[in-house]
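Peer 1:
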Amino acid sequence: MSDQRPIQVHMQALRYTFRSGVTRPLEWRTIQLQQLDRMLTECETEFEEALAVDLGKSPVEAQLTEIGFLRTEIAYALKHLATWMKPERVPAPAVVQPARAWVRPEPL
Numbered sequence: 002m003s004d005q006r007p008i009q010v011h012m013q014a015l016r017y018t019f020r021s022g023v024t025r026p027l028e029w030r031t032i033q034l035q036q037l038d039r040m041l042t043e044c045e046t047e048f049e050e051a052l053a054v055d056l057g058k059s060p061v062e063a064q065l066t067e068i069g070f071l072r073t074e075i076a077y078a079l080k081h082l083a084t085w086m087k088p089e090r091v092p093a094p095a096v097v098q099p100a101r102a103w104v105r106p107e108p109l
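Sequential numbering from 2 applies to the sequence shown in this note's numbering.
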């Protein structure tokens, strides 16, 4: 059985970063998606080679089913992220009137 401590350390760091609120702004999320796309572009050959070794995929198949697919999804997310993050007004219960209520979409 492998040592799980490195994974736990990384998970704790990720949870701390999320709880700090740094991941909430549109700008931060946009940069993360752009960096992911950049990594896929810059490391394309390495990804193709890994997919060939691990799954027996040709470079064309890797592009169509993995790399290109992800890049298309990233572009779609970048285009729609601001809309997805917009607060949505919802009805407030009568007991708290004249209050207004909003749902603010955020990742868990």
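From the three backbone atoms N, C-alpha and C, an ideal C-beta is built for every residue, glycine too. Since the model is a prediction, treat every value here as computed from it, not as a measurement.
Ends of the alpha helix (DSSP H) at Arg-39?
Peer 2: Where Arg-39 is concerned, the enclosing alpha helix (DSSP H) stretches over 27–43.
Peer 1: How would you write the range of the beta strand (DSSP E) that Ala-95 sits in, first residue to last?
Peer 2: Neither: Ala-95 is in no beta strand (DSSP E) and is coded neither H nor E.
Peer 1: May I have the straight-line CA-CA distance separating Ala-14 from Gly-22, to the nearest angstrom?
Peer 2: Those two C-alpha atoms are separated by around 13 Å.
Peer 1: So for Val-23, helix, strand or coil by DSSP?
Peer 2: Val-23: coil per DSSP, three-state reduction.
Peer 1: Would DSSP call Arg-105 helix, strand or coil?
Peer 2: If DSSP states are grouped into helix, strand and coil, Arg-105 belongs with coil.
Peer 1: Just curious, the beta strand (DSSP E) that Glu-89 is in, first and last residue?
Peer 2: Per DSSP, Glu-89 belongs to the beta strand (DSSP E) from 89–91.
Peer 1: Kindly list the residues whose CB is nearer than 6 Å to the CB of Arg-105, restricted to its own chain and excluding five residues on each side of it in sequence; keep chain order.
Peer 2: Hits under 6 Å: Pro-88.
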